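What follows is one structure encoded as structure tokens, with my remarks underneath.
Protein chains: 2
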Amino acid sequence: MQATLGELGEFGLIQELTARLPRTAAVQLGPGDDAAVVAAPDGRVVATTDMLVEGRHFRRDWSTAYDVGRKAAAQNLADIAAMGASPTALLLALAAPAELPVTWAVELMDGIRDECHVAGAAVVGGDVVRAEQVSVTITALGDLGGRAPVTRAGARPGDVVAVTGWLGWSAAGLTVLSRGFRSPRAFVEAHRRPEPPYHAGPAAAALGATAMIDISDGLVADLGHVAAASGVQIDLHSGQFDIPAQMADIGQAVGVDPVQWVLTGGEDHAICAVFPADTVLPARWRVVGDVHKAPAPSDVRVTVDGHPWDTTPGWDHFTS
Amino acid sequence: MQATLGELGEFGLIQELTARLPRTAAVQLGPGDDAAVVAAPDGRVVATTDMLVEGRHFRRDWSTAYDVGRKAAAQNLADIAAMGASPTALLLALAAPAELPVTWAVELMDGIRDECHVAGAAVVGGDVVRAEQVSVTITALGDLGGRAPVTRAGARPGDVVAVTGWLGWSAAGLTVLSRGFRSPRAFVEAHRRPEPPYHAGPAAAALGATAMIDISDGLVADLGHVAAASGVQIDLHSGQFDIPAQMADIGQAVGVDPVQWVLTGGEDHAICAVFPADTVLPARWRVVGDVHKAPAPSDVRVTVDGHPWDTTPGWDHFTS
Chain A
49 MQATLGELGE FGLIQELTAR LPRTAAVQLG PGDDAAVVAA PDGRVVATTD
99 MLVEGRHFRR DWSTAYDVGR KAAAQNLADI AAMGASPTAL LLALAAPAEL
149 PVTWAVELMD GIRDECHVAG AAVVGGDVVR AEQVSVTITA LGDLGGRAPV
199 TRAGARPGDV VAVTGWLGWS AAGLTVLSRG FRSPRAFVEA HRRPEPPYHA
249 GPAAAALGAT AMIDISDGLV ADLGHVAAAS GVQIDLHSGQ FDIPAQMADI
299 GQAVGVDPVQ WVLTGGEDHA ICAVFPADTV LPARWRVVGD VHKAPAPSDV
349 RVTVDGHPWD TTPGWDHFTS
Chain B
49 MQATLGELGE FGLIQELTAR LPRTAAVQLG PGDDAAVVAA PDGRVVATTD
99 MLVEGRHFRR DWSTAYDVGR KAAAQNLADI AAMGASPTAL LLALAAPAEL
149 PVTWAVELMD GIRDECHVAG AAVVGGDVVR AEQVSVTITA LGDLGGRAPV
199 TRAGARPGDV VAVTGWLGWS AAGLTVLSRG FRSPRAFVEA HRRPEPPYHA
249 GPAAAALGAT AMIDISDGLV ADLGHVAAAS GVQIDLHSGQ FDIPAQMADI
299 GQAVGVDPVQ WVLTGGEDHA ICAVFPADTV LPARWRVVGD VHKAPAPSDV
349 RVTVDGHPWD TTPGWDHFTS
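Here the protein sequences come in this chain order: A and B.
Numbered continuously in my numbering, the first sequence closes out at residue 368.
Numbered continuously in my numbering, the second sequence closes out at residue 368.
Now the structure itself:
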């Protein structure tokens with residue numbers, strides 16, 4: 049194998065990247081033509097796109113190419129699941145300098161492929177271009193299987209707010225990494241490779257979820273979008289979160305209240321859904337708040353234990 | 049309006065970009081949620097992704113943001129059409145430095161929106177991220193309307209090769225621009241803003257096209273993919289191309305044979321399709337070659353007037 053993308057060339061790279069891709073039943077035409085053809089048996093297709101840029105969303109010295117691939121795929125596939133859909137396919141645009149080792153690109157694709165496998169999707173197409181900075185742009189597609197999409201706009205006063213997946217683990221891992229440590233391993237791993245609960249999205253839709261969102265920017269920030277879209281107030285109950293002992297230990301060591309990680313840490317891609325209060329939720333869901341009528345427009349927001357949450361609620365990609 | 053993306057912030061920018069987007073009948077859920085929902089009445093969805101990077105695919109001093117938007121959308125929508133599908137929706141990932149003027153991003157979106165309108169599609173979602181270099185990554189979706197997708201692999205000996213749209217105009221325009229001129233205007237415009245014949249894609253499929261491709265890297269290069277996928281030899285007849293007098297004049301002025309532009313110039317996004325020889329083609333199609341059996345593997349290629357075409361056949365994004 050040639051050592052760099054510049055030596056291998058565009059078409060060699062595409063061949064290298066697509067050679068080992070498996071196909072699923074949904075893939076009617078895979079990579080290699082002008083466009084791919086994917087089954088959309090529902091008669092609607094769910095689509096989302098997200099871009100990761102080196103230095104902002106990942107660092108090559110902190111994450112392997114494989115982990116960047118897992119993470120890039122996960123954050124898009126989680127968005128599909130959070131609509132109540134099952135991921136079916138993914139397209140990749142990779143930008144990189146000619147000096148990038150071919151192995152980096154191949155391992156990235158291995159990570160994307162493996163995360164797709166977890167989610168039940170397949171890579172069906174892509175593009176590779178030369179750029180100064182490495183970036184990975186992914187578009188994911190999904191199928192609703194006859195269910196109505198669960199948006200951010202359906203939360204109603206009286207509903208309960210529940211989460212499934214991990215919360216604050218990635219943020220704790222990032223804190224550890226940014227201080228030069230590489231353990232505790234579980235948290236560092238969670239930062240490098242999130243594990244979104246893909247199946248919980250369609251399951252929540254089937255359980256009658258009224259609103260749903262993927263937690264990518266932090267629970268308070270993301271639920272803020274639900275509150276705004278639904279015109280409601282959402283109150284989180286800090287005592288109902290599960291703070292693992294090890295997370296509490298890290299918090300103590302670095303002087304951070306772990307509740308901060310749970311409420312504002314993004315990138316774990318937990319799924320947060322709003323349900324009618326009488327919904328019988330499977331054990332993997334944890335009720336962490338409830339929905340209230342907002343008496344005034346200023347009440348359309350997220351509170352924690354009845355009070356405004358006044359630290360920075362999330363991540364703005366241009367101002368931070 | 050704030051002057052730069054950094055001043056406006058991520059969420060302000062998203063609001064600015066999505067505020068003026070129209071919706072089409074196919075858009076069941078537009079921008080603003082975890083993912084969009086688009087009608088896929090055929091039960092299959094056609095999907096493609098392409099990325100444009102500043103300095104490689106466009107220059108801000110040569111093209112307006114509006115034209116970059118038109119071009120970025122066009123090259124993706126043309127890929128959908130070249131499968132025989134009708135474009136339905138488009139997703140955008142915009143990467144830019146914080147210093148980028150907000151007006152540039154807004155005008156880019158205007159261009160994407162207007163090109164979508166021409167093609168019958170709508171912008172349904174996207175992502176904005178901060179990066180050192182401006183890049184525009186687009187994913188386009190389309191619907192086959194009950195037709196089989198027309199791939200690169202179906203060309204058979206005896207078929208004829210036909211094109212519709214513009215060929216070599218963008219390349220002639222680029223030559224003019226790169227020598228510091230801004231006219232003839234028609235060619236400079238063609239380079240800045242291609243006009244793919246979107247409707248010709250589904251029409252060709254309905255006429256029984258056996259293979260089809262969007263001409264983005266040059267006719268010889270792109271037909272090379274058809275020859276390879278179909279296992280045939282394709283011979284182009286240089287005398288059958290329409291070389292406008294003004295293109296011949298530019299060629300003479302700059303010392304380039306305009307046939308070179310027609311055979312190797314990309315980015316016009318003409319559509320090239322292969323048809324059974326007895327197909328009655330509408331006037332907008334021009335037959336420019338035919339398909340032959342390849343006696344040996346080395347004959348699986350494109351020839352021009354029976355001879356190998358021995359100058360650089362196209363564009364490789366990493367080696368050139």
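Beta carbons: idealized from backbone N, C-alpha and C, even for Gly.
Treat the numbers as computed from the prediction; the structure is a model and nothing was measured.
Near-chain B residues of the segment 89-105 of chain A (beta-carbon distance less than 7 Å), N- to C-terminal order: For the segment 89-105 of chain A, the set of positions with a beta-carbon nearer than 7 Å to some beta-carbon of chain B reads Pro89, Gly91, Arg92, Val93, Val94, Ala95, Thr96, Thr97, Asp98, Met99, Val101, Arg104 in chain order.
Residue range of the beta strand (DSSP E) that includes Arg178/B: Residue mapping note: residue 178/B aligns to position 130 of the second sequence, counting from 1. Taken as a continuous stretch (DSSP letters only), the beta strand (DSSP E) holding Arg178/B covers 170-178.
Burial state of Asp109/B, where buried means 16 or more other Cβ atoms lie within 10 Å: In the second sequence, the residue the question calls residue 109/B occupies position 61. By the neighbour-count rule (16 or more Cβ atoms within 10 Å), Asp109/B is not buried but exposed.
Residue span of the beta strand (DSSP E) that contains Phe323/B, given as start and end: By one-based count along the second sequence, residue 323/B stands at place 275. Unbroken beta strand (DSSP E) run through Phe323/B: 318-323.
Minimum C-alpha distance to Val176/B - residue among Val171/A, Ile186/A, Asp191/A, Ala170/A: One-based indexing of the second sequence puts residue 176/B at position 128. Each of Val171/A, Ile186/A, Asp191/A, Ala170/A was checked against the Cα of Val176/B, and the nearest Cα belongs to Ile186/A.
Below-8 Å beta-carbon distance, Ala87/B vs any chain A residue: Here residue 87/B corresponds to residue number 39 of the second sequence, with the count starting at 1. So, interface residue.
Chain A residues whose Cβ lies nearer than 7 Å to that of Gln63/B: On the second sequence, position 15 is the one that residue 63/B refers to. Those within 7 Å of Gln63/B in chain A number zero; the least Cβ separation is about 12 Å.
Three-pair Cβ contact test at 8 Å for the segment 347-358 of chain A versus the segment 279-289 of chain A: yes
Beta carbon proximity, Met295/B to chain A, threshold 8 Å: Within the second sequence, the letter at position 247 stands for residue 295/B. Closer than 8 Å: no.
Rounded C-alpha distance that separates His317/B from Leu138/B: Position 269 of the second sequence, counting from 1, holds the residue named residue 317/B. Position 90 of the second sequence, counting from 1, holds the residue named residue 138/B. Roughly 17 Å separates the two Cα atoms.
Contact check, Val86/A vs Leu189/A, beta carbons under 8 Å: Here residue 86/A refers to the residue found at position 38 of the first sequence. Here residue 189/A refers to the residue found at position 141 of the first sequence. Yes, the Cβ-Cβ distance between Val86/A and Leu189/A is below 8 Å.
From Leu125/A, Ala133/A, Leu142/A, Arg204/A, residue whose alpha carbon lies closest to that of Val166/A: Within the first sequence, the letter at position 118 stands for residue 166/A. Among Leu125/A, Ala133/A, Leu142/A, Arg204/A, the Cα nearest to that of Val166/A is on Leu125/A.
Residue environment, His105/B, which counts as buried when at least 16 other CB atoms sit within 10 Å: The residue given as residue 105/B occupies position 57 in the second sequence. Per the 10 Å Cβ criterion, buried.
Pro244/B versus Arg161/A - alpha carbon distance: Position 196 of the second sequence, counted from the start, is the residue given in the question as residue 244/B. Position 113 of the first sequence, counted from the start, is the residue given in the question as residue 161/A. Answer to the nearest angstrom: the Cα atoms are 33 Å apart.
Interface partners of Pro197/A on chain B, CB under 7 Å: Counting from one through the first sequence, the residue named residue 197/A turns up at place 149. Within chain B, the residues near Pro197/A are Leu77, Val85.
Pro70/B versus Ala129/B - alpha carbon distance: Within the second sequence, the letter at position 22 stands for residue 70/B. Within the second sequence, the letter at position 81 stands for residue 129/B. Roughly 21 Å separates the two Cα atoms.
C-beta contact flag for Leu65/B and Met131/B at 8 Å: Translated into positions along the second sequence, residue 65/B becomes position 17. Translated into positions along the second sequence, residue 131/B becomes position 83. No, the pair does not count as a contact, with Cβ atoms beyond the cut-off.
First and last residue of the uninterrupted beta strand (DSSP E) at Met131/B: For the purposes of this step, residue 131/B is taken as residue 83 along the second sequence, with counting starting at 1. That residue, Met131/B, is in no beta strand (DSSP E); it is neither H nor E in DSSP.
Sub-8 Å separation of Ser183/A and Val101/A beta-carbons: Translated into positions along the first sequence, residue 183/A becomes position 135. Translated into positions along the first sequence, residue 101/A becomes position 53. Yes; because the gap between Cβ atoms is below 8 Å, this pair is in contact.
Same chain, Cβ closer than 6 Å to Arg118/A, five either side skipped, listed in chain order: Here residue 118/A refers to the residue found at position 70 of the first sequence. Taken in chain order, the residues that qualify are Gly159, Glu163, Arg241.
Nearest to Gly314/A (by Cα), restricted to the options Val208/A, Asp262/A, Ala51/A, Ala153/A: The residue labelled residue 314/A in the question sits at position 266 within the first sequence. Closest by C-alpha distance to Gly314/A, out of Val208/A, Asp262/A, Ala51/A, Ala153/A, is Asp262/A.
Straight-line Cα distance separating Asp347/A from Gly206/A: Counting from one through the first sequence, the residue named residue 206/A turns up at place 158. Counting from one through the first sequence, the residue named residue 347/A turns up at place 299. Approximately 15 Å, taken between the alpha carbons.
Where the segment 164-184 of chain A meets chain B: residues whose CB sits under 8 Å from a CB there: Val172, Gly173, Gly174, Asp175, Val176, Val177, Arg178, Ala179, Glu180, Gln181, Ser183
Exposure label - Asp290/B; buried when at least 16 CB within 10 Å: Translated into the one-based positions of the second sequence, residue 290/B becomes position 242. Exposed: under 16 other Cβ atoms inside 10 Å.
Within chain B, the residues that Asp127/A reaches when beta carbons sit closer than 7 Å: Residue numbering aside, residue 127/A sits at position 79 when the first sequence is read from its first letter. Within chain B, the residues near Asp127/A are Asp82, Ala83.
Length of the line joining the Cα atoms of Asp270/B and Ala121/A: To locate residue 270/B, count along the second sequence from 1; it is residue 222. To locate residue 121/A, count along the first sequence from 1; it is residue 73. About 30 Å.
Coarse secondary structure for Phe289/A, derived from DSSP in three states: Walking along the first sequence from the start, residue 289/A turns up at place 241. Phe289/A: coil per DSSP, three-state reduction.
Interface residues of chain B facing Ile160/A [CB-CB closer than 8 Å]: Walking along the first sequence from the start, residue 160/A turns up at place 112. Contact note: Ile160/A does not reach chain B at a C-beta cutoff of 8 Å; the least C-beta distance is about 13 Å.
Beta-carbon proximity list for Gly213/A, same chain, < 8 Å, skipping 5 on both sides: The residue you call residue 213/A lines up with position 165 of the first sequence. Hits under 8 Å: Glu243, Pro244, Pro245, Ala248, Ile263, Asp316, His317, Ala318, Ile319.
Run of the alpha helix (DSSP H) containing Leu255/A, from where it starts to where it stops: Walking along the first sequence from the start, residue 255/A turns up at place 207. Looking at the DSSP string, the run of the alpha helix (DSSP H) that includes Leu255/A is 248-255.
4-residue-minimum alpha helix (DSSP H) runs that sit fully inside the segment 211-280 of chain A, ordered along the chain: 217-226, 233-240, 248-255, 267-278
DSSP state of Glu163/B mapped onto helix, strand, coil: Your numbering for residue 163/B matches position 115 in the second sequence. Note: Glu163/B maps to helix in three-state DSSP.
Own chain partners of Trp13/B with C-beta closer than 6 Å, once the 5 adjacent residues on each side are dropped: Missing from the structure shown is residue 13/B; chain B here goes from 49 to 368 and no further.
Between the CA atoms of Arg178/A and Pro145/A - distance to the nearest angstrom: Position 97 of the first sequence, counting from 1, holds the residue named residue 145/A. Position 130 of the first sequence, counting from 1, holds the residue named residue 178/A. Cα-Cα distance, rounded: 5 Å.
Residue(s) in a DSSP beta bridge with Glu102/B: The residue given as residue 102/B occupies position 54 in the second sequence. Residue pairing of Glu102/B in beta bridges, as defined by DSSP: Phe106/B.
Any chain A beta carbon closer than 8 Å to Leu189/B: By 1-based counting over the second sequence, the position of residue 189/B is 141. True, the Cβ-Cβ gap to chain A drops below 8 Å.
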